[in-house]
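Below you'll find the structure, written out as structure tokens, and then a few comments.
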Amino acid sequence: MENIYAAAKRIEGGIVRSSCRRSRNLSALTGCDIFLKAEYMQNTGSFKERGALNSILQLPINQRKKGIIAASAGNHALALAYHGGRLNVPVTVVMPIYAPQTKVANCKSLGANVIAFGSSFTDATTHARELAEKYELTYIHGFDHPPVIAGQGSVGLEILEQQPDIDAVFVPVGGGGLIAGLALAIKSINPDIDIIGVEPVSFPSLIAALYENEPVELEQPSSSTIADGLAVKCVGANVVPLCRQFVDRVVTVEEHYIALSVLRMIELEKAVVEGAGAAGLAPLLAGMFPEYKGKKVCLVTCGGNIDVTLLGRVIDHGLAADGRLVRFRGKISDKPGGLAKFCDVVGRSGSTIRQIFHDRTFQGDDFSMVRVEVTVCTVNQEQAEELLVKFNEAGFPTQMLDFMPHPANKQQAQ
1 MENIYAAAKR IEGGIVRSSC RRSRNLSALT GCDIFLKAEY MQNTGSFKER
51 GALNSILQLP INQRKKGIIA ASAGNHALAL AYHGGRLNVP VTVVMPIYAP
101 QTKVANCKSL GANVIAFGSS FTDATTHARE LAEKYELTYI HGFDHPPVIA
151 GQGSVGLEIL EQQPDIDAVF VPVGGGGLIA GLALAIKSIN PDIDIIGVEP
201 VSFPSLIAAL YENEPVELEQ PSSSTIADGL AVKCVGANVV PLCRQFVDRV
251 VTVEEHYIAL SVLRMIELEK AVVEGAGAAG LAPLLAGMFP EYKGKKVCLV
301 TCGGNIDVTL LGRVIDHGLA ADGRLVRFRG KISDKPGGLA KFCDVVGRSG
351 STIRQIFHDR TFQGDDFSMV RVEVTVCTVN QEQAEELLVK FNEAGFPTQM
401 LDFMPHPANK QQAQ
């Protein structure tokens, strides 16, 4: 705990003391009293600056001159590049090939030497360590370096100073450095506050580690996650004992709830956050914590660095999960005016056609009919269901195509 207090003092003035304000809209939506710890407002868009700056400031002068190196999917790299540039410390970062291009470009613009290597964070880490040994660089781990964990713990101190009577804190989990430091800081001062970790369902690395009581290397998942900052297959060795002692619960959330969380942040908070930054909201939207209704809940919105190209897809995914972007499949007459009458049903419902596919070939042996697939923007799920009824009442046999084939995974660890 002394290291966290020292880190907070050391980095004071070098990072942004982010706000922790109440969200009226999210509170009304979830039934909880929601407070947002806005770490996406840091200079490089994430909480990673805290641990990065704390680590650099503790290096001897000769090591600073030789330079530092790290493996990162983006945010840790940005933090090192920014503060390394401020302090005249040469920075090299090894980024896995899936790292968002906006983070790669920003790292380069800050003067870092960026090396793209490996299809996983583990591959990038191995290569970075090899380079560190070869060129006598100081390797700074993104989440398992004690000064990094201590720096991230300053988030917890600020939350307690800004909202001392909070009941629970929801923390996105990638490698675990943030939740480990934050949980230690908060629980050491007020053990009654619940600390909840949130992981994407494809990367339950902390859950696996807590089950085995040691870091576990997950197999490469068949699907990735829009929360790229949480795509870590193995948490740090220093993280596990801290989380076992101070974290109350860890849950996983499905991708469509993360996408919906990004959408809610944009619409209700006018805040553009990345998937990892919005992940703390996801379990509340999924209805996984009814026990916190009416309680004061802090969400650590830990990052805001998202590719613009990905953002558009995430918004559409969120709209589909919300029942506001819906696809219908129906049959219409192949006579002149058939398609116009079908589209007229959409127009009279107050909905908007996003795209339409008209197929004469793969619809069976009835040459008088044509299959159509239409994607429609609606106000809500209820309007979509009403439109389905109107299609069929108008004589167009139509079905609504499912978006979510299965409910949210609610796996958890105690």
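Residue numbers are given in this note's numbering: position 310 of the sequence shown equals residue 310, and the series is strictly consecutive. C-beta atoms are modelled at their ideal positions from N, C-alpha and C, and glycine is treated no differently. As the structure is a computational prediction, the values presented were derived from the model and not from experiment.
Quick check: what's the CA-CA separation for residue i versus residue j?
i	j	result
Asn113	Lys295	46 Å
Gly277	Gly45	10 Å
Gly304	Val314	14 Å
Gly13	Gly323	45 Å
Val235	Cys377	40 Å
Ile115	Ala70	10 Å
Ala6	Gly177	17 Å
Val300	Gly229	14 Å
Leu210	Pro283	20 Å
Arg21	Lys335	59 Å
Gln412	Arg244	For Gln412, the predicted model reports a pLDDT of 40, less than 50, meaning its position is unreliable; a value from the coordinates is still stated below. Gln412 and Arg244: Cα-Cα distance of roughly 13 Å.
Glu373	Asp402	13 Å
Pro405	Tyr257	For Pro405, the pLDDT reaches just 44, beneath the cut-off of 50, and the residue's location in the model is therefore unreliable, although a value from the coordinates is still provided. Distance between the alpha carbons of Pro405 and Tyr257 is about 13 Å.
Ile179	Ala168	13 Å
Val232	Gln220	10 Å
Gly395	Ala28	41 Å
Gln414	Arg249	Confidence at Gln414 is low in this model, with a pLDDT of 37, below 50, so the placement of that residue is unreliable and no value is reported for it.
Ala408	Ser261	In this prediction, Ala408 has a pLDDT of 37, which is less than 50 and means its spatial position is unreliable; what the coordinates show is noted afterwards. Rounded to whole angstroms, Ala408 to Ser261 spans 14 Å at the Cα level.
His76	Gln42	12 Å
Tyr98	Ala340	44 Å
Gln381	Leu285	16 Å
Cys415	Ala79	The structure shown does not extend to residue 415, since the chain is modelled only from 1 to 414, so the question has no answer here.
Cys32	Leu26	8 Å
Phe362	Val148	58 Å
Val253	Ala259	11 Å
Lys331	Gly312	30 Å
In or out: residue i buried (at least 16 other Cβ within 10 Å) or exposed?
i	result
Gln355	exposed
Phe328	buried
Asp194	buried
Val239	buried
Ala279	buried
Val308	exposed
Phe246	buried
Met1	exposed
Lys65	exposed
Phe424	Residue 424 cannot be examined here, being either before or after the span of the chain that is shown, 1 to 414.
Glu255	buried
Can you list, in chain order, the residues of its chain with a C-beta nearer than 7 Å to that of residue i? Leave out the 5 residues immediately preceding and following it.
i	result
Leu319	Leu263, Leu325
Leu53	Ile11, Gly14, Ile15, His83, Gly151
Gly153	Ile4, Ala7, Gly181, Leu182, Leu184, Ala185
Asn189	According to the sequence displayed, residue 189 carries Ile and not Asn. The residues are Leu160.
Can you determine whether any heavy atom of the ligand GTP sits closer than 7 Å to the C-beta of residue i, and answer yes or no?
i	result
Lys233	Ligands displayed in this structure: none; no statement on the ligand GTP is therefore possible.
Based on Cα-Cα distance, which residue from the options lies nearest to residue i?
i	options	result
Asp192	Asp165, Leu53, Val216, Glu136	Asp165
Thr102	Glu274, Leu268, Lys335, Val372	Glu274
Phe342	Ser119, Phe362, Phe391	Phe391
Pro172	Glu39, Asp334, Tyr5	Glu39
Val93	Leu59, Pro60, Glu130, Lys335	Glu130
Pro100	Ala227, Arg249, Arg360	Ala227
Ala124	Ile149, His83, Pro147, Ala73	Ala73
Ile11	Ile34, Thr30, Ser55	Ser55
Gly338	Val370, Leu310, Leu311, Thr309	Val370
Thr375	Thr398, Gly364, Phe35, Phe367	Thr398
Cys298	Phe362, Tyr135, His76, Ser19	Ser19
Phe367	Ser333, Ala340, Glu382	Ser333
Val345	Ser109, Thr309, Ile68, Glu393	Glu393
Leu310	Val272, Lys331, Gly347	Val272
Gly197	Val251, Phe246, Ile306	Val251
Arg86	Pro96, Leu110, Gln63, Val104	Leu110
Ala105	Ile306, Phe362, Asn380	Ile306
Gln58	Lys9, His358, Ser222	Lys9
Val379	Glu199, Lys65, Ala321	Ala321
Ser223	Lys66, Ser120, Met400	Ser120
Asp316	Ile266, Lys331, Gly364, Cys302	Ile266
Residues in the same chain with beta-carbon distance under 6 Å from residue i, minus the five sequence neighbours each way, listed in chain order, please.
i	result
Lys410	Residue placement at Lys410 cannot be trusted, given a pLDDT of 38 that sits under 50; the coordinates are not used to answer.
Asn3	Ala150
Leu242	Ala180, Leu184
Arg360	Val370
Gln63	Thr138
Gly174	Gly229, Leu230, Val232
What residues in its chain sit with their C-beta under 8 Å from that of residue i, if we drop five residues either side in the sequence?
i	result
Ala208	Val216, Leu218
His127	Ala71, Val94, Ile115, Phe117, Gly118
Ser23	Ile34, Phe35, Leu36, Leu268, Glu269
Glu214	Ala237, Val240
Asn88	Arg64
Gln383	Ser349, Gly350, Ser351
Sufficient close CB pairs (3 or more, under 8 Å) joining the region 200 to 207 to the region 132 to 146: no
Inter-stretch contact at 8 Å, needing at least 3 Cβ pairs: the region 180 to 196 / the region 148 to 164: yes
Meets three-Cβ-pair contact criterion under 8 Å: the region 345 to 362 and the region 374 to 391: yes
Segment contact flag, the region 285 to 295 with the region 46 to 54, C-beta cutoff 8 Å, min 3 pairs: no
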